[in-house]
Amino acid sequence: MNPSEEGGRAPGRAAESPDEPSAARRRRDPEASRRAILDAARRELYERGYSRMTIRGVAARAGVTHGLVMRHFGSKEGLLRASVQGPGELDAVLAGDAEGLPERIATAFVERMEAARSSDPMVALIRSAAADDPLATDLYLTMQAQSARAYRVVLTGPDVEERVDLLGSVLLGVTFSRYVVRAGALAAMEPAELARHLAELLRPIVHPADGASAPGG
Numbered sequence: 001m002n003p004s005e006e007g008g009r010a011p012g013r014a015a016e017s018p019d020e021p022s023a024a025r026r027r028r029d030p031e032a033s034r035r036a037i038l039d040a041a042r043r044e045l046y047e048r049g050y051s052r053m054t055i056r057g058v059a060a061r062a063g064v065t066h067g068l069v070m071r072h073f074g075s076k077e078g079l080l081r082a083s084v085q086g087p088g089e090l091d092a093v094l095a096g097d098a099e100g101l102p103e104r105i106a107t108a109f110v111e112r113m114e115a116a117r118s119s120d121p122m123v124a125l126i127r128s129a130a131a132d133d134p135l136a137t138d139l140y141l142t143m144q145a146q147s148a149r150a151y152r153v154v155l156t157g158p159d160v161e162e163r164v165d166l167l168g169s170v171l172l173g174v175t176f177s178r179y180v181v182r183a184g185a186l187a188a189m190e191p192a193e194l195a196r197h198l199a200e201l202l203r204p205i206v207h208p209a210d211g212a213s214a215p216g217g
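In this text, residue positions in the sequence shown follow the working numbering: the first is 1, and each later residue adds one.
Okay, here's the thing in structure tokens:
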């Protein structure tokens, strides 16, 4: 047998190491390309912020071409929207019994944020929005509005609009204090303790006392 044909390889073609991250392999696999681009975009977003993140920088980091990034996502804004996990995961969190909703919201929030800590692209997005980056602010507000619509479906009782806004503000405050500023007692809490305190804080917002308004109402 011709050695060059052994194992089905074409003559003159070098074997591709199974452990080697291959740009050629990613080009042949659109889903692998997309995953590599999103991973690179999330790291660029965290390290550089939205205003300094570039399509060319993401492409170089992912080992693909500028054109391939544009083919997948269309624009820098499209790439950012795909990179930052949106409120779609809320569907599973909000499903289930109403009584356990505060605990499910708190637990899912803490688990998601702890999994990535400060490298979570949502943290980078909030930092960029706080720095008056208009596109980052617009995306954050869009995602906030999507989450608010999901919460309106499951919250009942008085002052739903105010309570939905309060709920979002509580989660934003925890995100900023623990994962952006990373200082103080909130940043030092164990995740389980944080989830427990957060659930207790959310309970009167999610389930206000009969006939009463949310805190401050």
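In this text, a Cβ means the ideal position worked out from N, Cα and C, and glycines have one as well.
For the ligand FAD, I want to know if residue i counts as a neighbour, meaning its beta carbon is within less than 6 Å of at least one of the ligand's heavy atoms.
i, result
"Ser-177", "For the structure depicted, the ligand FAD is absent and the ligand set is empty, with no information on it obtainable."
With C-beta atoms as the reference, is residue i less than 7 Å away from residue j?
i, j, result
"Leu-171", "Pro-102", "no"
"Ile-37", "Ala-60", "no"
"Arg-196", "Ala-187", "no"
"Gln-144", "Gly-168", "yes"
"Val-160", "Ala-148", "no"
"Ala-40", "Val-58", "yes"
"Ile-55", "His-72", "no"
"Val-84", "Pro-121", "yes"
Would residue i be called buried (16 or more neighbouring beta carbons within 10 Å of its own) or exposed?
i, result
"Thr-107", "buried"
"Ala-136", "buried"
"Leu-141", "exposed"
"Pro-3", "Bear in mind that the predicted position of Pro-3 carries a pLDDT of just 44, short of 50, making it too unreliable to give a figure here."
"Glu-218", "Residue 218 lies beyond the range of the chain shown here (1 to 217); nothing can be said about it."
"Ala-129", "buried"
"Glu-99", "exposed"
"Ala-115", "exposed"
"Ser-17", "Only weak support exists for where Ser-17 lies, its pLDDT of 41 falling under 50; the value from the coordinates is given anyway. Ser-17 is exposed by the Cβ-count criterion."
"Pro-208", "buried"
"Pro-215", "Note that Pro-215 has pLDDT 46, beneath the 50 cutoff, so the model's placement of it is unreliable and no number is given."
Assuming residue i and residue j make a contact with CB atoms under 8 Å, what is their CB distance in whole Å?
i, j, result
"Val-123", "Val-64", "Contact flag wrong, Cβ pair sits at about 25 Å."
"Tyr-50", "Leu-80", "6 Å"
"Thr-175", "Ile-205", "Wrong, their Cβ atoms sit about 16 Å apart, outside the cutoff."
"Leu-198", "Val-110", "7 Å"
- Which ranges would you report for the alpha helix (DSSP H) in the segment 87-157 if only whole runs of at least 4 residues count? Those alpha helix (DSSP H) runs which fall completely within the segment 87-157 and span 4+ residues are 90-94, 101-116, 121-130 and 134-154.
- Query: Is the segment 143-156 touching the segment 175-193, taking contact as three or more C-beta pairs under 8 Å?
  - Reply: Touching, no.
- Item | Those runs of the alpha helix (DSSP H) which lie wholly inside the segment 36-63 and span at least 4 residues | As for any alpha helix (DSSP H) of minimum length 4 sitting wholly inside the segment 36-63, the runs are 55-62, ordered along the chain.
- Item | Those runs of the beta strand (DSSP E) which lie wholly inside the segment 183-215 and span at least 3 residues | For the segment 183-215, not a single whole beta strand (DSSP E) run of length 3 or above is found.
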